[in-house]
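Undergrad:
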Amino acid sequence: MVLQNRRISIAELTARSKLSRGIVGKILHDRLGLSKVTARWVPKTLSPFERQLRVAHSKEVLELFENSEEDFLRRIVTGDEVWLCHYDPESEQQSKQWKHVNSPRPKRARLEPRLGKILATIFWDAEGILLIDYMEDGGTITGKYYANLLLQLREEIKEKRRGKLSRKVLLLHDNAPAHRAKVALAAIQQCGLGRIDHPPYSPDLSPSDYFLCGNLKQHLRGTVFSDDNEPKSAVQDYFNSRDKNFFFNGLMNLKSRCEKCIEVEGQYI
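No gaps in the numbering here: position 228 of the sequence shown is 241 in the working numbering, and each next residue is one more.
1) To the nearest angstrom, report how far apart R175 and L45 are at their CA atoms.
2) Applying the 10 Å Cβ sphere with the 16-neighbour rule, what's the burial state of G156?
3) For a test of the three-state rule: what should DSSP assign to E82, helix, strand or coil?
4) Quick check on the DSSP output: the alpha helix (DSSP H) that includes R167 runs from which residue to which?
5) Compute the Euclidean distance between the alpha carbons of Q203 and I21, then round it to the nearest angstrom.
6) Is it true that the CB of I135 sits closer than 8 Å to the CB of S254?
7) Which term fits T91, buried or exposed, when burial requires 16 or more other beta carbons within 10 angstroms of its beta carbon?
8) Do V277 and Y100 count as a contact pair if the criterion is CB distance below 8 Å?
9) Spell out whether any CB of chain D is found under 8 Å from the CB atom of E79.
10) In the DSSP assignment, find the alpha helix (DSSP H) that holds T27 and state where it starts and stops.
11) Can you tell me which of the three DSSP states L66 falls into?
12) Going by DSSP, name the residue or residues bridged to G141.
13) Run through DSSP, which three-state label would R208 get?
14) With a threshold of 8 Å on Cβ separation, who are the neighbours of C226 within its own chain once the five nearest residues in sequence on each side are excluded?
15) Please determine, among N80, Q280, C98, the residue with the shortest C-alpha to C-alpha distance to L218.
16) How many Å lie between E73 and L66 at the Cα?
17) Alpha carbon to alpha carbon, how far is Y251 from I142?
18) Determine the contact status of Y214 and L59, defining contact as a CB-CB distance below 8 Å.
19) Would you mind giving the Cβ-Cβ distance between L178 and K171, rounded to the nearest angstrom? I have them listed as a contact below 8 Å.
20) Within its chain, find whatever has a CB closer than 7 Å to the CB of G152; leave out the 5 residues flanking it on each side and keep chain order.
21) So the candidates are D240, A247, Y159, A189; which of them puts its Cα closest to the Cα of Q231?
22) State buried or exposed for A122, treating a residue as buried only when at least 16 other CB atoms are found within 10 Å of its CB.
23) Please identify the residue among E149, K195, K173, W137 whose C-alpha is closest to the C-alpha of N258.
24) Tell me which same chain residues have a C-beta within less than 7 Å of the C-beta of F78, skipping the five on either side of it?
25) Please state the DSSP three-state secondary structure of K112.
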């Protein structure tokens, strides 16, 4: 019955099997080793072709790792955009706290949502942050705007990572419209950067999504900012408090993710 309907309830199993609830639970947990979990959100249901693209990308990245892991980590630069809200409520998990059985339940003040937000574009590598650009709410990242950011990125690499450009930097970013606009592609070529094509709908294979921006947003959650300058300062403080191992490990994790992607034939990790 469980194999036919993964969402069947214990109450329904009890009624249909004519067994007690306790026995049904014991069979499910102890004998069959089953537990009921909540489905997780994924960007979309991937088509066979999209899964093939994810596998091909993973194989390309793993080949770069295998050829020379050290060289690849020195060459790669990645980045993405992330919205920073003036107030992003804590998750239920973050708000949990220990209490004694006789203590009153902790309370949280209900804060009105703050609509202010800024869009940050963050470029980084295995050593740390290279460039952060901020755009106020209402702005749009166009191909031209992104192309100008790439020119700025080249100058930052030149200043902060002596000799990196001579190694042929590999740019890993997702395939957002601005990133694949003709003017942006021309800027990549003008800057002398290589490019790693990224499969669509694949945040789980993007270091900025699964690591950097996700950790940043989790850190900022629950903090109330009164203007655009406060989240900027908080972001700077957050990254200043991280050592090189933080960024290095975030990129290294891409290797195991690509291996897993191939193992599950392109499905989400």
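Just so it is clear, CB atoms sit at the ideal spot from N, CA and C, and this is done for glycine as well.
TA: A quick look at the data gives this:
1) Within the sequence shown, the letter at position 162 stands for residue 175. Within the sequence shown, the letter at position 32 stands for residue 45. Cα to Cα, the separation comes out at about 58 Å.
2) Counted from its first residue, the sequence shown places residue 156 at position 143. With 16 or more Cβ atoms within 10 Å of its Cβ, G156 is classed as buried.
3) As a working mapping, residue 82 is identified with position 69 in the sequence shown. It is helical.
4) Stepping through the sequence shown from its first residue, residue 167 is reached at position 154. Run containing R167: 156-173, per the alpha helix (DSSP H) assignment.
5) As a position in the sequence shown, residue 203 is number 190, starting the count at 1. As a position in the sequence shown, residue 21 is number 8, starting the count at 1. Rounded to the nearest angstrom, the two C-alpha atoms are 58 Å apart.
6) Position 241 of the sequence shown, counted from the first residue, corresponds to residue 254. Position 122 of the sequence shown, counted from the first residue, corresponds to residue 135. For S254 and I135, no; Cβs fall outside 8 Å.
7) Within the sequence shown, the letter at position 78 stands for residue 91. Answer is buried; the Cβ neighbour count reaches 16.
8) By 1-based counting over the sequence shown, the position of residue 100 is 87. By 1-based counting over the sequence shown, the position of residue 277 is 264. Their beta carbons are not under 8 Å apart, which means Y100 does not touch V277 by this criterion.
9) No chain D appears in the structure shown, which is made up of a single protein chain.
10) Within the sequence shown, numbered from 1, the residue matching residue 27 stands at position 14. 23-30 is the extent of the alpha helix (DSSP H) around T27.
11) Indexing the sequence shown from 1 puts residue 66 at position 53. DSSP places L66 in helix when its eight states are reduced to three.
12) Here residue 141 is taken as the residue at index 128 of the sequence shown, counted from 1. G141 is bridged to D138.
13) Looking up residue 208 in the sequence shown gives position 195. Residue state, collapsed to three classes: strand.
14) Position 213 of the sequence shown holds residue 226. If we look at C226 and ignore the five residues flanking it on each side, its Cβ neighbours are D93, V95, I135.
15) The count along the sequence shown starts at 1 and reaches residue 218 at position 205. When each option's Cα is compared against that of L218, the closest is Q280.
16) Translated into the one-based positions of the sequence shown, residue 73 becomes position 60. Translated into the one-based positions of the sequence shown, residue 66 becomes position 53. Answer to the nearest angstrom: the Cα atoms are 11 Å apart.
17) By one-based count along the sequence shown, residue 251 stands at place 238. By one-based count along the sequence shown, residue 142 stands at place 129. Taking the straight line joining both Cα atoms gives about 11 Å.
18) For the purposes of this step, residue 214 is taken as the residue at position 201 of the sequence shown. For the purposes of this step, residue 59 is taken as the residue at position 46 of the sequence shown. Contact flag set, yes.
19) Your numbering for residue 178 matches position 165 in the sequence shown. Your numbering for residue 171 matches position 158 in the sequence shown. Confirmed, Cβ separation roughly 6 Å.
20) Taking the first residue of the sequence shown as position 1, residue 152 is located at position 139. Within the same chain, G152 has close Cβ partners L132.
21) For this step, residue 231 is matched to residue 218 along the sequence shown. Closest by alpha carbon: A247.
22) Within the sequence shown, residue 122 is the residue found at index 109, counting from 1. Reliability fails at A122, whose pLDDT of 44 lies under 50, so the model's placement of it is uncertain and the value that follows must be treated cautiously. Per the 10 Å Cβ criterion, exposed.
23) For the purposes of this step, residue 258 is taken as the residue at position 245 of the sequence shown. For N258, the nearest C-alpha among the options comes from W137.
24) Residue mapping note: residue 78 aligns to position 65 of the sequence shown, counting from 1. Cβ within range, chain order: F85, K268.
25) Within the sequence shown, numbered from 1, the residue matching residue 112 stands at position 99. With a pLDDT of only 41 at K112, under 50, the local geometry of the prediction cannot be trusted, and the value read off the model is given with reservation. Three-state result, K112: coil.
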